[in-house]
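Enquirer: Numbering (the working numbering), first residue to last: 18 to 285. In this text, a Cβ means the ideal position worked out from N, Cα and C, and glycines have one as well. Structure incoming, see below.
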């Protein structure tokens with residue numbers, strides 16, 4: 018096959034609208050920046066006005082254009098999700114790419130100590146919220162025969178179990194399964210659904226591990242890459258899955274973990 022110099026940039030997001038939850042800092046913000054840098058109008062979603070506005074301003078300054086649009090919403094509530102999407106359609110346009118990155122922080126404890134209300138909060142903030150978003154955006158994606166849905170899962174849930182943060186892994190496993198289901202159901206409509214499963218990254222959420230020398234050393238000793246992940250490395254994969262470059266990737270959960278989940282070291 019000949020390669021023409023006029024072939025479009027398959028990573029371009031020009032003309033696309035992307036919504037990224039949990040995008041006021043860390044990996045979510047890095048992904049929003051990367052999408053905007055490649056031409057997308059990006060909806061920055063956060064829970065307070067100050068951080069959400071600041072994140073959008075940071076992205077706009079970095080890309081030299083007004084492509085980031087801040088909207089404050091508590092996406093753990095269905096009505097808030099519906100209102101958020103209505104505002105997006107009115108102010109920016111229909112959503113072409115959806116990156117559901119927001120979620121609750123890791124809960125640590127035994128299963129017998131897990132109260133119903135805590136588990137319900139995990140389910141609402143992750144699984145139910147994802148369902149509400151998908152239910153609202155899928156009709157437009159079907160109509161235009163193009164769409165991208167990306168979930169942030171985790172190696173805890175996608176590949177590994179956990180002895181002390183069960184609800185986190187449960188919700189992350191469910192998101193990976195949701196990606197598979199949507200891929201099977203909507204692939205014929207030009208829609209691609211995938212999940213990204215990070216391990217330890219340089220984020221505020223991981224500060225408890227990053228600041229604990231012993232725990233960090235144990236992680237680094239097991240990780241073949243010998244380091245933690247950087248937000249831009251998450252963002253690069255998000256761009257791939259959100260653009261035409263990822264057009265034949267569907268229903269997959271991709272671990273971004275420096276090889277952490279593939280190392281068998283029981284006999285070391």
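#1: Does DSSP put residue 28 in a helix, in a strand, or in coil?
#2: Let me know if residue 240 comes out buried or exposed under the rule of 16 or more other beta-carbons within 10 Å of its beta-carbon.
#3: Please classify residue 129: does DSSP put it in a helix, a strand, or coil?
#4: What did DSSP end up calling residue 241 once you bin it into helix, strand or coil?
#5: Can you check whether the CB of residue 135 is closer than 9 Å to the CB of residue 44?
#6: Is the segment 196-212 in contact with the segment 270-285, if contact means three or more CB pairs nearer than 8 Å?
#7: Which residue from 48, 113 and 282 puts its Cα closest to that of residue 251?
#8: Is the CB-CB distance between residue 107 and residue 85 below 9 Å?
#9: Is it right to say residue 118 is buried, meaning 16 or more other beta carbons lie within 10 angstroms of its own, or is it exposed?
#10: For the alpha helix (DSSP H) that residue 220 lies in, which residues bound it at each end?
#11: Would a C-beta distance cut-off of 9 Å place residue 247 and residue 218 closer than the cut-off?
#12: Could you please give the first and the last residue of the uninterrupted alpha helix (DSSP H) stretch that includes residue 57?
#13: I'd like the ranges of any alpha helix (DSSP H) spanning at least 4 consecutive residues and lying wholly in the segment 39-105.
#14: Can you have a look at residue 279 and say buried or exposed, based on whether 16 or more other CB atoms are within 10 angstroms of its CB?
#15: Find the nearest neighbour of residue 184 within the set 137, 150 and 155, judged by alpha-carbon distance.
#16: For residue 164, name the three-state secondary structure that DSSP assigns.
#17: Comparing the CB of residue 104 with every heavy atom of the ligand ZN, is any distance shorter than 8 Å?
#18: Rounded to a whole number of angstroms, what is the C-alpha to C-alpha distance between residue 224 and residue 160?
#19: Would you mind stating whether residue 55 and residue 29 have Cβ atoms separated by less than 9 Å?
#20: In whole angstroms, give me the CA-to-CA distance for residue 262 and residue 129.
#21: Would you tell me roughly how many angstroms separate the C-alpha atoms of residue 40 and residue 260, rounded to the nearest one?
Expert: Per the coordinate set shown:
#1: Sequence index remark: in the chain shown, residue 28 carries index 11 (1-based). Note: residue 28 maps to coil in three-state DSSP.
#2: As a position in the chain shown, residue 240 is number 223, starting the count at 1. Counting Cβ neighbours within 10 Å, residue 240 comes out buried, since at least 16 surround it.
#3: In the chain shown, residue 129 corresponds to position 112, counting from 1. Correct three-state label for residue 129: helix.
#4: For the purposes of this step, residue 241 is taken as the residue at position 224 of the chain shown. Coil at residue 241, not helix or strand.
#5: Within the chain shown, the letter at position 27 stands for residue 44. Within the chain shown, the letter at position 118 stands for residue 135. Not closer than 9 Å, so no.
#6: yes
#7: Residue 251 sits at position 234 when you count from the first residue of the chain shown. Ranking 48, 113 and 282 by Cα distance to residue 251 puts 48 first.
#8: Position 90 of the chain shown, counted from the start, is the residue given in the question as residue 107. Position 68 of the chain shown, counted from the start, is the residue given in the question as residue 85. No, the pair does not count as a contact, with Cβ atoms beyond the cut-off.
#9: Taking the first residue of the chain shown as position 1, residue 118 is located at position 101. Per the 10 Å Cβ criterion, buried.
#10: Against the chain shown, residue 220 aligns to sequence position 203. First-last for residue 220: undefined, no H or E at that position.
#11: Position 230 of the chain shown, counted from the first residue, corresponds to residue 247. Position 201 of the chain shown, counted from the first residue, corresponds to residue 218. A contact, by the Cβ cut-off of 9 Å.
#12: The residue labelled residue 57 in the question sits at position 40 within the chain shown. Residue 57 -> no alpha helix (DSSP H), and no H or E assigned at all.
#13: 43-54 and 66-80
#14: Translated into positions along the chain shown, residue 279 becomes position 262. Residue 279 comes out exposed.
#15: Working through the chain shown from its first residue, we reach residue 184 at position 167. Ranking 137, 150 and 155 by Cα distance to residue 184 puts 137 first.
#16: Walking along the chain shown from the start, residue 164 turns up at place 147. Looking at residue 164 - three-state DSSP - the assignment turns out to be strand.
#17: This structure lacks the ligand ZN; in fact it carries no ligand of any kind.
#18: What you label residue 224 is simply residue 207 of the chain shown in a count that begins at 1. What you label residue 160 is simply residue 143 of the chain shown in a count that begins at 1. Those two C-alpha atoms are separated by around 43 Å.
#19: For the purposes of this step, residue 55 is identified with residue 38 of the chain shown, where counting begins at 1. For the purposes of this step, residue 29 is identified with residue 12 of the chain shown, where counting begins at 1. Taking 9 Å as the Cβ cut-off, residue 55 and residue 29 qualify as a contacting pair.
#20: Position 245 of the chain shown holds residue 262. Position 112 of the chain shown holds residue 129. C-alpha separation (whole angstroms): 45 Å.
#21: Position 23 of the chain shown, counting from 1, holds the residue named residue 40. Position 243 of the chain shown, counting from 1, holds the residue named residue 260. Answer to the nearest angstrom: the Cα atoms are 18 Å apart.
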